[in-house]
Amino acid sequence: MARDILIAPSILSADFAKLGEEVRAIDEGGCDWVHVDVMDGHFVPNLTFGPCVVEAIRPHTKKVLDVHLMIDPAAPYLETFAKAGSDIITVHAEADKHLDRSLQVIKGLGKKAGVSLNPGTHESAVEHVLDKLDLILVMTVNPGFGGQQFIEAQCEKIARLRAMIGDRPIHLEVDGGVNPETAPLVTKAGADVLVAGSAVFGNGEYAGNIAAIRASAESAL
Ligand code: DX5
Ligand code: ZN
């Protein structure tokens, strides 16, 4: 197999009334990372979690907390999210006028740094910061909500980013509408980390859902 595939369930689709239990359940269900969708009601039309929630779930798993900041501005909050226990902090290219500076700040806080691209954003947005990146997150829906339909046209962008990454140790993550049907499309294009919200939490069978997405994703390699 050319690449190890990592599955990152998005707790946006979890039961917020028992978040610690939900995080433990996906951990025990075999997830690789835990994806945390932070929304500000300004950059995206929805509100979710702040750093206190990252801090609250931190003791419930030793797995990577993959924090996706859909907030504008992100820079004033990077340190708080780092101290709350994030392992990876991803900012949106569209929400940050000083991407290079923010990536340096994240790395300086001892965390892995990511940049996310909305469906309408060209891959060239990350071209000049590649050497500061640990992760590129391609949105395959317009950010803001779980349960939306996968935008297949993004697969071309994923393939171009895979070529741009070359030998660099940068994860290529995909977020939005990922399920056993769409997973092979993104791994075939070059993704190695798959975020899935509704496809993991939908029917309560977390371990089975994670395994099904992984098997389907790996079938395309
Ligand atoms: C959307 C979020 C996603 C979302 C994915 O703004 O960034 O992580 O939770 O949910 P599904 O997998 O249901 O599309
Ligand atoms: Zn996300």
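Residue numbers (the numbering used here): 340 to 560.
Glycine residues also receive a C-beta, built at the ideal position from the N, C-alpha and C atoms.
Being a predicted model, the structure only gives us computed values, none of them experimental.
>> By DSSP's criteria, L476 is part of a beta bridge. Which residues make up the other side?
In response: S455, E512
>> Buried or exposed, going by whether 16 or more other CB atoms sit within 10 Å of the CB of Q493?
In response: buried
> First and last residue of the alpha helix (DSSP H) that includes L442?
Replying inline: 438-447
>> Quick check on R507: buried or exposed, where buried means 16 or more other Cβ atoms within 10 Å of its Cβ?
In response: exposed
> For the putative contact between H407 and L476, defined by C-beta atoms under 8 Å, what is the C-beta separation to the nearest angstrom?
Replying inline: 7 Å
> Within this structure, are the beta carbons of K471 and L511 separated by less than 7 Å?
Replying inline: no
> What span of residues does the alpha helix (DSSP H) with D366 cover, start to end?
Replying inline: 358-367
> In terms of residue numbering, what span does the beta strand (DSSP E) encompassing T311 cover?
Replying inline: Nothing in the structure corresponds to residue 311, since the chain is present only between 340 and 560.
> For I428 versus L474, is the C-beta spacing smaller than 7 Å?
Replying inline: no
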